[in-house]
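Undergrad: To start, I am sharing the structure in question, which I have written as structure tokens.
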Amino acid sequence: MDESILVVNSGSSSVKLALFDKHHQKKASALAERLNKQDAIAHINGSPEPIELPKGANHQQALQILIETFTQKELLKGSPIAIGHRVVHGGETFREAALIDSYTITAIKKVSSLAPLHNPVNLVGIDAMQALFPAVPQVAVFDTAYHQTLPEKAYRYALPKHCYEDWGVRRYGFHGTSHYFMAQEAARLLGKPVDSTSIISAHLGNGCSITAIQYGKSVDTSMGLTPLEGLVMGTRSGDVDPGLFDYLSGRGVRASEVHAMLNNDSGLMGLSGHTNDMRTLCELAEQGDKPAQLAIDVFCFRLARYIGAMTASLTHLDAVVFTGGIGENSAQVRQETIKHLGLLGLEIDPERNQQHGRQTESQVNHADSRFPILVIPTNEELVIARAASRLANA
Ligand code: AMP
């Protein structure tokens, strides 16, 4: 036993694995993809050779092979001391991470209808690891848990109240692990205790969400019942008029088709007609591609509107924080977004913004900006590893 902590993030056809030492330093990570398909494959990060998986390998087979590889490479010696799992939806049951036992499993299953694409596959990962390491404590870390502090005025929709009471229709919020990490890291950078730090945290990756954090607690967030609401994302529309469903059904488009369109064919992909990759869109826009430029414009404008909206939930603001693949890497998106927010006194420093923010934390605001603007790399795996070792030791 070498006191390693494993972090598991299972998706519908993939699983990501990260291995941390007892000081929470990452030792290795791996990805298995195209699971349950003929061409299933895996990679250990940093190793050029892919790992062959049997045709149609499932989550358990892939995890077993990856763990054998970690063991052969002496990255893992014996069993880990704890295993942390990313679980997307914890409903109203989980306000924080939880040790996995029969109660936790039942509760995760109960809210699966709220995240049918995610919770069932998260449970597949849990099952697989329980089969491989039956004696090791396992911990679930929920994307929704951090947002359970939202006040009712922020989480209720203006729908008939039975929708909430009978069916749990409310705003839950997602990316909680990342927003929680932003609160911790921003407080550290600003030299303040977390419980007196207030920020607006923008997580901009393929999925995007923004959270108002007052004195360390989430008080408002842009994603809702599902991770479709709010900002423009890679392939997700974010906010649209709900009247769209009826309008399109009058044109012969079924609700399931509208749902698929809003999730898979919209956002940056839909607007540009090319790609959901912000890097490519910035290159195309530079070459004069108008739909690519429009996609960037809509993305930044919607984000700026949401930054403005989030100030209504705060009585105090210490910083606006950017994170996620786009937030950390795209100086252009940060600049275009902040340009809309002069009335709030936010001002970016073009030079600092260009030079900084690639996988390193930094401050990119102009000296005259009313509030600091920070770029902080997210690290959801680290949060999960810390929670797993804390609960396993408790
Ligand atoms: P994530 O889901 O956090 O991995 O973020 C994925 C998004 O980050 C994609 O839209 C990428 O195009 C974007 N991204 C990554 N690197 C860059 C970059 N250097 N410039 C602009 N966007 C980037």
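Numbering-wise (the numbering used here), the sequence shown opens with residue 839 and increments by one. From the three backbone atoms N, C-alpha and C, an ideal C-beta is built for every residue, glycine too.
1. What residues sit near the ligand AMP, counting only those whose C-beta is closer than 5 Å to one of its heavy atoms, in chain order?
2. What span of residues does the alpha helix (DSSP H) with N1191 cover, start to end?
3. Is DSSP giving F1137 helix, strand or coil here?
4. Can you tell which of T1064, V1091, D1079 and N1044 has the C-alpha that lies nearest to the C-alpha of V1233?
5. Reducing DSSP to helix, strand and coil, say where R924 ends up.
6. On a Cα-Cα basis, can you pick out the residue from M1061, V1057 and S1034 that is closest to H1041?
7. Is the CB-CB distance between S842 and L855 below 9 Å?
8. Check the DSSP bridge columns for T1161 and list the partner residues they point to.
9. First and last residue of the alpha helix (DSSP H) that includes F1019?
10. Taking the alpha carbon of P888 as the reference point, which residue from N896, I879 and A1098 has its own alpha carbon closest?
11. I need the boundaries of the beta strand (DSSP E) containing N847, first residue and last residue.
12. How close, in whole Å, do the beta carbons of P1215 and E1166 come, if the pair is a contact with beta carbons under 8 Å?
13. Please work out which residues of its chain come closer than 7 Å, Cβ to Cβ, to L997, disregarding the five sequence neighbours upstream and downstream, and give them in chain order.
14. Taking all protein chains shown into account, do 16 or more other C-beta atoms lie within 10 angstroms of the C-beta of S1075, making it buried, or fewer, making it exposed?
15. Taking the C-alpha atoms as reference points, what is the distance between E1067 and A935?
16. Note down, in chain order, each residue of its chain lying with its Cβ closer than 8 Å to the Cβ of G963, except the 5 sequence neighbours on either side.
17. With H, G and I counted as helix, E and B as strand and the rest as coil, what does DSSP make of N1203?
18. Against chain D, with Cβ distances strictly below 9 Å, would T1059 count as a contact?
19. Could you check whether I1145 and I1038 sit closer than 9 Å to each other, using their CB atoms as the reference points?
20. Here's a check: name, in chain order, each residue in its chain whose Cβ is nearer than 6 Å to the Cβ of D840, leaving out the five neighbours to either side.
21. Compare the C-alpha of K875 against each of K865, A1232, S885 and K893 and name the closest.
22. Provide the residue span of the beta strand (DSSP E) that contains Q1233, from first to last.
23. Any idea what DSSP makes of A935, helix, strand or coil?
TA: Taking the structure as given:
1. G1043, N1044, D1115, M1116, R1117, G1162, G1163, I1164, N1167 and S1168
2. Within the sequence shown, residue 1191 is the residue found at index 353, counting from 1. In the DSSP assignment, N1191 falls within the unbroken alpha helix (DSSP H) covering P1188 to Q1193.
3. For the purposes of this step, residue 1137 is taken as the residue at position 299 of the sequence shown. Look at F1137 here: in three-state DSSP terms it is helix.
4. Residue coverage of the chain in this structure runs from 839 to 1232, which leaves residue 1233 outside it and unanswerable.
5. For the purposes of this step, residue 924 is taken as the residue at position 86 of the sequence shown. R924 falls in the strand class under three-state DSSP.
6. Counting from 1 along the sequence shown, the entry for residue 1041 is found at position 203. Selected option, being the one with the closest Cα: M1061.
7. Working through the sequence shown from its first residue, we reach residue 842 at position 4. Working through the sequence shown from its first residue, we reach residue 855 at position 17. Not closer than 9 Å, so no.
8. Residue numbering aside, residue 1161 sits at position 323 when the sequence shown is read from its first letter. Per DSSP, H1041.
9. Here residue 1019 is taken as the residue at index 181 of the sequence shown, counted from 1. Taken as a continuous stretch (DSSP letters only), the alpha helix (DSSP H) holding F1019 covers G1014 to L1028.
10. Within the sequence shown, residue 888 is the residue found at index 50, counting from 1. Ranking N896, I879 and A1098 by Cα distance to P888 puts I879 first.
11. Residue mapping note: residue 847 aligns to position 9 of the sequence shown, counting from 1. Looking at the DSSP string, the run of the beta strand (DSSP E) that includes N847 is I843 to S848.
12. Translated into the one-based positions of the sequence shown, residue 1215 becomes position 377. Translated into the one-based positions of the sequence shown, residue 1166 becomes position 328. Rounded, the Cβ-Cβ distance is 5 Å, consistent with contact.
13. As a working mapping, residue 997 is identified with position 159 in the sequence shown. Here the set comprises V1007.
14. Residue mapping note: residue 1075 aligns to position 237 of the sequence shown, counting from 1. Under this definition S1075 is a buried residue.
15. Counting from one through the sequence shown, the residue named residue 1067 turns up at place 229. Counting from one through the sequence shown, the residue named residue 935 turns up at place 97. Their Cα atoms are separated by approximately 24 Å.
16. As a position in the sequence shown, residue 963 is number 125, starting the count at 1. Correct list, in chain order: V846, N847, S848, V853, H897, L901 and H923.
17. Residue mapping note: residue 1203 aligns to position 365 of the sequence shown, counting from 1. The three-state secondary structure of N1203, taken from DSSP, is strand.
18. Within the model displayed, chain D is absent; a lone protein chain is all it includes.
19. For the purposes of this step, residue 1038 is identified with residue 200 of the sequence shown, where counting begins at 1. For the purposes of this step, residue 1145 is identified with residue 307 of the sequence shown, where counting begins at 1. Taking a C-beta distance under 9 Å as the contact criterion, I1038 and I1145 qualify as a contact pair.
20. As a first step, residue 840 must be located in the sequence shown, where it is residue number 2. Closer than 6 Å at Cβ, skipping near neighbours: K915.
21. By 1-based counting over the sequence shown, the position of residue 875 is 37. Closest by alpha carbon: K893.
22. The structure shown does not extend to residue 1233, since the chain spans only 839 to 1232, so no value can be given for it.
23. Within the sequence shown, the letter at position 97 stands for residue 935. It is coil, neither helix nor strand.
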